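The structure under discussion appears below in the form of structure tokens.
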Amino acid sequence: MVERGSIRLFTFRDIPVRLHWTFGLLFLWVLYTGMRFGMDWPAIGVLALLVTSLFACVVFHEFGHALTARHFGIHTRDIILSPIGGVARLHKIPEKPAQELLVALAGPAVNVIIASILAVVAWLTLPTFLDIQGETETAIFWIGNFVPLLFWMNLYLVVFNMIPAFPMDGGRVLRALLALRIGRLKATTYAAAIGRGLAILFLVLAVWQQELFLGLIGLFVYFMASQELKMVKSEHLYRQFTVGQMTRRRFTALPEHTTIQEAVHALQHSLETHFPIMDEHHQISSYVRAKDLLKGISSGHGGLSVTYVAKPVQGILPTETALPDAFHYFQRDQDALLLVSDPEGRIVGVLDRDQIDHVLYWSQRHGGFPTI
Ligand code: ZN
């Protein structure tokens with residue numbers, strides 16, 4: 246239920262929607278704003294209802310991204326709501342520019358649809374249509390203004406998200422359009438530079454206007470742009486390698502009856518951090534991680550078999566697999582262990598993150614491949 250400081254609200258189409266704990270601060274902000282502008286309790290109630298409705302619209306927006314991504318076979322881990330907005334955490338970003346373009350546009354498109362519905366409702370029911378009535382804050386946050394206020398907020402979501410501050414939606418649209426002409430790596434370099442520039446502008450504006458949320462968004466965009474550029478750069482590097490070139494061909498397979506204590510002993514005499522486990526038919530279907538072995542020792546289970554702390558092997562990949570294809574496994578689980586098979590289907594080695602980092606380090610330093 247609780248994962249990394251967030252709670253699960255509900256699951257729709259296999260996608261959990263989570264609320265980050267900081268979301269609670271948003272309601273403190275509502276109270277603070279209400280007090281600052283001398284709003285009465287009904288007005289504060291309408292403001293709270295508006296904020297809640299706005300975040301419901303953000304959830305629809307994120308499902309716009311997530312369900313479009315699903316259309317292209319990309320799953321979404323979850324949707325997380327925080328005070329500065331929502332994030333649909335896709336397992337991977339579509340590499341085809343046309344797909345990224347559609348996934349990015351689907352979010353704001355949902356808010357265009359919601360705004361259109363609200364406009365029709367306002368047109369049918371309100372004599373003043375989309376005008377917001379009232380002079381003071383207390384008068385503005387009145388239930389009669391609810392539909393027009395939510396309309397303008399949805400429009401704001403569309404406009405703000407379409408600012409080309411990569412990796413915000415507008416920035417992704419920009420990257421996708423650039424990628425069609427100059428390739429993904431260069432496109433990301435330019436989009437991330439523009440994104441970081443705009444993020445700095447957000448921060449300056451935030452300090453100048455004393456806008457806390459804009460400041461937080463500026464920080465978020467700045468770091469996410471840097472992180473995604475780093476990711477695309479390493480993907481570009483990985484593309485030059487196959488799984489076979491990365492494979493650890495000499496590895497220690499522990500028999501099933503090995504105790505945790507014995508495995509820790511093996512750990513101390515090896516550079517390996519993951520050990521495959523071999524059953525009596527010499528088949529490998531599970532493995533143990535160093536940290537689980539150490540946890541087993543510290544909780545007094547040293548005498549138990551390693552199978553007690555084992556995990557199933559995540560996959561078997563042929564040697565000729567492109568390295569980026571192996572990366573999906575490590576994105577899902579940093580500590581994954583994969584088996585590598587030759588064209589005859591024989592297991593020739595194992596692959597884990599440490600091994601990849603090791604070979605990349607080696608190849609960058611010495612321009613070759615170590616044999617391990
Ligand atoms: Zn979006």
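Every number in this note's numbering is 245 more than the matching position in the sequence shown, counting from 1.
All C-beta atoms, glycine included, are put in the ideal place defined by N, C-alpha and C.
These numbers come from a predicted model, not from an experiment.
- Closest option to N406, judged by alpha-carbon separation, among I289, L423, A444: A444.
- Closest by C-alpha distance to T552, out of R577, E565, I592, A498, is A498.
- In chain order, the residues positioned with their C-beta nearer than 6 Å to some heavy atom of the ligand ZN are H306, H310, G352, N406, D414.
- Look at the beta carbons and you see the stretch 305 to 318 not touching the stretch 279 to 286: under three pairs across the two are nearer than 8 Å.
- Comparing alpha carbon positions, the residue from H514, R484, G541, E525 closest to T504 is G541.
- Annotation note: the stretch 261 to 349 contains the following uninterrupted alpha helix (DSSP H) runs of length 4 or greater, listed N- to C-terminal: 268 to 281, 286 to 316.
- Look at R253 here: in three-state DSSP terms it is strand.
- In this structure the stretch 472 to 482 does not touch the stretch 521 to 541; the number of beta carbon pairs closer than 8 Å is below three.
- Within its own chain, the residues whose Cβ lies closer than 7 Å to the Cβ of T434, once the five positions on either side in sequence are excluded, are L474, listed in chain order.
- CA-to-CA, the gap between P557 and L582 works out to about 9 Å.
- Under the three-state reduction of DSSP, F520 is assigned to strand.
- Between the stretch 395 to 402 and the stretch 343 to 362 there are three or more C-beta pairs closer than 8 Å, enough to call the two in contact.
- R334 and F486 have their alpha carbons spaced roughly 27 Å apart.
- For the stretch 443 to 530, the full-length alpha helix (DSSP H) segments reaching 4 residues or more read 457 to 483, 488 to 491, 505 to 513 along the chain.
- The stretch 565 to 574 makes no contact with the stretch 505 to 517; the number of CB pairs closer than 8 Å stays below 3.
- Distance between V348 and S544, taken at the CA atoms: about 46 Å.
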